[in-house]
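A short worksheet on the structure shown next.
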Amino acid sequence: MLTASIRHIFNYASFGSRNFHLSVVLPAEPLKKKKRVDPQVELERIRKKTRRIEKEIKRLEQRGRYLKPLDEIEGERHFIKTLDSRERKLPAPSQTEVEQRALLMKEWTRFKWRQLDTECQLLANQRRELYRAMQHLRMLDPSLFELASQPDESLLGLSLSGPLYTLPQSADVFDAVDGDYRDVTPTYRYTFEVDKKMTFGKKK
Amino acid sequence: ATSAAVAALWRSGSAATPGLTRSGRLLSVGLLIQRKAVLTPDLTELETRASDLFTRLDFERSRLSDFELRDRAESEAAKRSLSAAAEGKVQVARDGAVITAKDLMQRWAAEQQAVTLASREAADPSLKRPAVLLSTDADLCLPCCPVVDGDASLRAACDRLLELMGLTASCRLLGNAPVGLHTYKYKKSPVSLFLHRAIFTGADWRSAEASGSWKWVDADSLPGRVPDRRLLKKLRLLAAEF
Chain A
28 MLTASIRHIF
38 NYASFGSRNF
48 HLSVVLPAEP
58 LKKKKRVDPQ
68 VELERIRKKT
78 RRIEKEIKRL
88 EQRGRYLKPL
98 DEIEGERHFI
108 KTLDSRERKL
118 PAPSQTEVEQ
128 RALLMKEWTR
138 FKWRQLDTEC
148 QLLANQRREL
158 YRAMQHLRML
168 DPSLFELASQ
178 PDESLLGLSL
188 SGPLYTLPQS
198 ADVFDAVDGD
208 YRDVTPTYRY
218 TFEVDKKMTF
228 GKKK
Chain C
925 ATSAAVAALW
935 RSGSAATPGL
945 TRSGRLLSVG
955 LLIQRKAVLT
965 PDLTELETRA
975 SDLFTRLDFE
985 RSRLSDFELR
995 DRAESEAAKR
1005 SLSAAAEGKV
1015 QVARDGAVIT
1025 AKDLMQRWAA
1035 EQQAVTLASR
1045 EAADPSLKRP
1055 AVLLSTDADL
1065 CLPCCPVVDG
1075 DASLRAACDR
1085 LLELMGLTAS
1095 CRLLGNAPVG
1105 LHTYKYKKSP
1115 VSLFLHRAIF
1125 TGADWRSAEA
1135 SGSWKWVDAD
1145 SLPGRVPDRR
1155 LLKKLRLLAA
1165 EF
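Taken in sequence, the protein lines are chains A and C.
Quick note on numbering: the numbering used here labels position 190 of the first sequence as 217, and the sequence is numbered without any gaps.
Quick note on numbering: the numbering used here labels position 80 of the second sequence as 1004, and the sequence is numbered without any gaps.
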């Protein structure tokens, strides 16, 4: 449309004899002149890039992905955007209910403090008993004391489970399903194949 | 092995297995084999009330989940369509092929009713508390044995005792150091009994009682099984539950 309007102006302004002409419409920037590149330099550049990428992949595979620090986690945007619509509209508790809750919280706090105090005392007494036993052992036999002072390496693999809420059901009530267990957890493995032309082996 | 065999080992003092003595005291090791609680203990009245309060507070402070949002939207849509149908504007289709959130909730409730938990009341109440393995022999309460020349350390003596009891596979000794000391006199000879802690890790706690020589005893029943008051006090301290 712009070209037509300009053409219209030129036709009626008798500028045709002054060698004004319109070039082809250029929707994009003209291409830059291609520079001559040394193929060796170009190959070296590609090789360095692939080496850098391979190194990064190897590092990631060895160490795994770095987790984001907790301070930087902002949460899911979907939930943040819909936060207002997700409010629970419940009636406010009555004055009596609020007072009962406050009294229960006080009673609970006192109970837990007493429990903590008892446990700290128990731990201190157990530690004192252990110390007494080791002192007595050192007095009786220093070599046995030295051996008893060594750390126990076998504790590292110790794992305990329980307690449970109920005892396991008997076989006539609940029969566990037999069968093979197939782990279908999806795993992703990144592989990077470098074109052999790009690699010339190790540099001498 | 039976507790009688362990007791005999303890009483023997024969030339075949002479106990190690240092400064005129006979060295021996005892095992405090503990079993953790199998069932969760019952909550007290205060704990129940506090648990209910915290559950209620968590609910009040929480936001609606995706499922609850869906349920709310579907309920409002259903009300609107019903009111529109009552005014004669829209015809409500009775046969809906869409599964609503309420349908899913009803399905889950039905599935939950089909599940029946095992009864806690029928279980032995002692399973709700940790226990210690004691001997049924009157002369011997804790499994113990003298330290001999062949034992490289106290830990080695404990391993030997576990092997004698047949519990090597189902018990784990915790640490090389003794956790307690009990001194007493046996036939006018002073004895230093070093107590080591072990934990029962076997799948079935009843297997330890199968021979009839050992029995799991909880903290309340200890006074009846341990006549020595000083040892009883130590066992209560070391076997205390947290």
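Backbone N, C-alpha and C fix where the C-beta goes; we use that ideal spot for every residue, glycine too.
Check, Outcome
"Does DSSP classify K1167(C) as helix, strand or coil?", "Examination of residue 1167(C) is not possible in this model, given that chain C is present from 925 through 1166 alone."
"With distances taken Cα to Cα, identify the nearest neighbour of K116(A) among R1004(C), R985(C) and A997(C).", "R985(C)"
"What residue from R994(C), R1153(C) and V1115(C) has the CA that sits closest to R113(A)'s CA?", "R994(C)"
"Quick check on DSSP: helix, strand or coil for Q89(A)?", "helix"
"What residues in the segment 1149-1166 of chain C bring their beta carbon closer than 8 Å to a beta carbon of chain A?", "K1158, L1161, L1162, A1164 and F1166"
"Applying the 10 Å Cβ sphere with the 16-neighbour rule, what's the burial state of P1067(C)?", "buried"
"Using 8 Å as the limit for Cβ to Cβ distance, is E134(A) near chain C?", "yes"
"Compare the Cα-Cα distances from I1123(C) to each of S1113(C), L1097(C) and H1106(C) and report the closest residue.", "L1097(C)"
"Can you pull the chain A residues whose beta carbon is under 8 Å from the beta carbon of P1102(C), in chain order?", "L157, A160, M161, L164 and A175"
"What does W140(A) pair with, by DSSP beta-bridge criteria?", "BP columns for W140(A) are empty, so no partner."
"Between L183(A), K133(A) and P213(A), which lies nearest to E971(C) when the distance is taken from Cα to Cα?", "K133(A)"
"Alpha carbon to alpha carbon, how far is L1085(C) from R1154(C)?", "23 Å"
"How would you write the range of the alpha helix (DSSP H) that R987(C) sits in, first residue to last?", "No alpha helix (DSSP H) holds R987(C); DSSP gives it neither H nor E."
"Starting from T193(A), find everything on chain C with Cβ-Cβ shorter than 8 Å and list it in chain order.", "L963, L1041, A1042, S1043, R1044 and A1047"
"Identify whether D982(C) lies in helix, strand or coil by the three-state DSSP scheme.", "helix"
"Does P190(A) come within less than 8 Å of chain C when only Cβ atoms are used?", "yes"
"Can you look up G1104(C) in the DSSP assignment and give me helix, strand or coil?", "strand"
"Roughly how many angstroms separate the alpha carbons of A129(A) and P120(A), rounded to a whole number?", "12 Å"
"Against chain A, which members of the segment 1123-1139 of chain C pass a CB distance test of less than 9 Å?", "I1123 and T1125"
"In this structure, what does DSSP give as the bridge partners for C1123(C)?", "One point to set straight first is that residue 1123(C) is Ile, not Cys, in the sequence displayed. Beta-bridge pairing links I1123(C) to Q958(C) and R1096(C)."
"At the level of alpha carbons, what is the spacing between T1125(C) and Y1110(C)?", "33 Å"
"Any residues in the segment 139-151 of chain A with a beta carbon nearer than 8 Å to a beta carbon of chain C? Which ones, in chain order?", "E146 and L149"
"Taking Cβ-Cβ distances below 7 Å as the criterion, which residues of the segment 963-979 of chain C are in contact with chain A?", "L963, T964, L970, R973, A974 and L977"
"Given S1131(C), which residues of its chain have a CB within under 8 Å of its CB, disregarding the five upstream and five downstream residues?", "S1094"
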